[in-house]
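A.B. asks:
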Amino acid sequence: GDTTVWGGDEWACQPMTTRGHREILVGLCVPKITTSFPYVNLKEATDEIKKSWSENEDLQKLTVPDYVGGECHVLLGIQYAAHFPRLVHSLESGLGIYEVKLQPNSPCYTAALAGPHHSFNFLAGKVGNVAYLLQRFKEGISYWRTNGAPAPKCVSLTEEEIR
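Residue numbers (this note's numbering): 7 to 169.
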């Protein structure tokens with residue numbers, strides 16, 4: 007729509023994929039993407055999802071950090087969906103383990119977790135209660151609907167255009 011979002015410099019970077027190739031990502035600098043995330047222990051959730059399919063060797067080889075949290079430095083938009091992590095396995099509860107496609111800072115990690123797990127319940131207590139937490143999420147979505155996301159000044163190049 008006719009929404010103006012002010013951002014800073016436009017950046018391009020070439021992160022390494024887990025297959026050993028470099029990809030060009032173009033983004034816009036903003037002072038802060040989101041508030042810092044509380045640190046979360048993922049060990050119990052990782053153990054549970056791996057135990058649920060112990061005979062799957064590919065699943066057992068995936069590694070997830072014991073703890074995650076802190077500042078968010080990058081938010082990939084839908085135009086980079088090809089780089090989103092790939093679902094490997096999920097539980098009935100919705101907890102899933104995803105193989106990452108972009109190389110993280112530490113090459114020893116190959117996966118990410120997403121979804122609900124009882125060991126994550128303390129997060130709601132940090133912000134008050136579940137209703138308040140959901141309200142804050144809804145406010146964030148409403149903000150982006152009203153103000154829009156910053157649009158890149160150019161469209162990313164295809165592999166054919168790079169060659």
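Heads up, the beta-carbon is just placed ideally off N, CA and C, and yes, glycines get one too.
Values in this document were obtained by computation on a predicted structure and should not be read as measured data.
What is the C-beta distance between LEU119 and THR52, in whole angstroms, given that I count them as a contact (C-beta under 8 Å)?
C.D. replies: Numbered from 1 along the sequence shown, position 113 holds the residue referred to as residue 119. Numbered from 1 along the sequence shown, position 46 holds the residue referred to as residue 52. So it is a contact: roughly 6 Å between Cβ atoms.
A.B. asks: Taking just the CA atoms, how far does VAL94 sit from LEU101?
C.D. replies: Counting from 1 along the sequence shown, the entry for residue 101 is found at position 95. Counting from 1 along the sequence shown, the entry for residue 94 is found at position 88. Answer to the nearest angstrom: the Cα atoms are 11 Å apart.
A.B. asks: Hey, quick one: how far does the alpha helix (DSSP H) through ALA88 stretch, first residue to last?
C.D. replies: Residue numbering aside, residue 88 sits at position 82 when the sequence shown is read from its first letter. Careful: ALA88 lies outside any alpha helix (DSSP H) and carries neither H nor E.
A.B. asks: Using a 10 Å radius around the Cβ and a threshold of 16 neighbouring Cβ atoms, would you call TYR2 buried or exposed?
C.D. replies: Because residue 2 is not part of the residues shown, which for the chain are 7 to 169, the question remains open.
A.B. asks: So LYS57 and LEU65 are supposed to be a Cβ contact under 8 Å. How far apart are they, rounded?
C.D. replies: Position 51 of the sequence shown, counted from the first residue, corresponds to residue 57. Position 59 of the sequence shown, counted from the first residue, corresponds to residue 65. The Cβ separation is near 10 Å, so there is no contact.
A.B. asks: How is the beta strand (DSSP E) around GLU50 delimited, first residue to last?
C.D. replies: Locating residue 50 in the sequence shown gives position 44, where the first residue counts as 1. Per DSSP, GLU50 belongs to no beta strand (DSSP E); it is in the alpha helix (DSSP H), 49-57.
A.B. asks: Terminal residues of the continuous alpha helix (DSSP H) containing LEU101?
C.D. replies: As a working mapping, residue 101 is identified with position 95 in the sequence shown. Note, LEU101: premise wrong, no alpha helix (DSSP H); not H, not E.
A.B. asks: For LEU81 versus ILE39, is the C-beta distance shorter than 8 Å?
C.D. replies: By 1-based counting over the sequence shown, the position of residue 81 is 75. By 1-based counting over the sequence shown, the position of residue 39 is 33. For LEU81 and ILE39, yes; Cβs fall inside 8 Å.
A.B. asks: Just the Cα atoms here: how many angstroms apart are PRO91 and TYR104?
C.D. replies: Translated into the one-based positions of the sequence shown, residue 91 becomes position 85. Translated into the one-based positions of the sequence shown, residue 104 becomes position 98. If you take the alpha carbons of PRO91 and TYR104, they lie about 5 Å apart.
A.B. asks: Thinking C-alpha only, which one of THR24, GLY26, VAL32, THR41 is nearest GLY14?
C.D. replies: Within the sequence shown, the letter at position 8 stands for residue 14. Nearest option by C-alpha distance: VAL32.
A.B. asks: Would you list the residues sitting across from ARG28 in a DSSP beta bridge?
C.D. replies: Stepping through the sequence shown from its first residue, residue 28 is reached at position 22. Looking at the DSSP assignment, ARG28 forms a beta bridge with MET22.
A.B. asks: Whose C-beta lies closer than 6 Å to the C-beta of PRO71 among residues of the same chain, with five residues either side of it excluded?
C.D. replies: Start at 1 with the first residue of the sequence shown, and residue 71 comes out as number 65. The answer, listed in chain order, is TYR115.
A.B. asks: Exposed or buried, which one is HIS123 when buried takes at least 16 other CB atoms within 10 Å?
C.D. replies: Here the question's residue 123 lines up with position 117 in the sequence shown. Buried.
A.B. asks: Who pairs with PHE43 in a beta bridge, going by DSSP?
C.D. replies: Residue numbering aside, residue 43 sits at position 37 when the sequence shown is read from its first letter. BP columns for PHE43 point to GLY76.
A.B. asks: Give a yes or no on whether the C-beta atoms belonging to SER125 and GLU50 are separated by under 8 Å.
C.D. replies: Reading the sequence shown from its first residue, position 119 is the one you call residue 125. Reading the sequence shown from its first residue, position 44 is the one you call residue 50. Yes, Cβ-Cβ distance for SER125 and GLU50 is below 8 Å.
A.B. asks: ALA117: buried (16+ other C-beta within 10 angstroms of its C-beta) or exposed?
C.D. replies: For the purposes of this step, residue 117 is taken as residue 111 along the sequence shown, with counting starting at 1. The residue in question, ALA117, is buried, as its Cβ has 16 or more Cβ neighbours within 10 Å.
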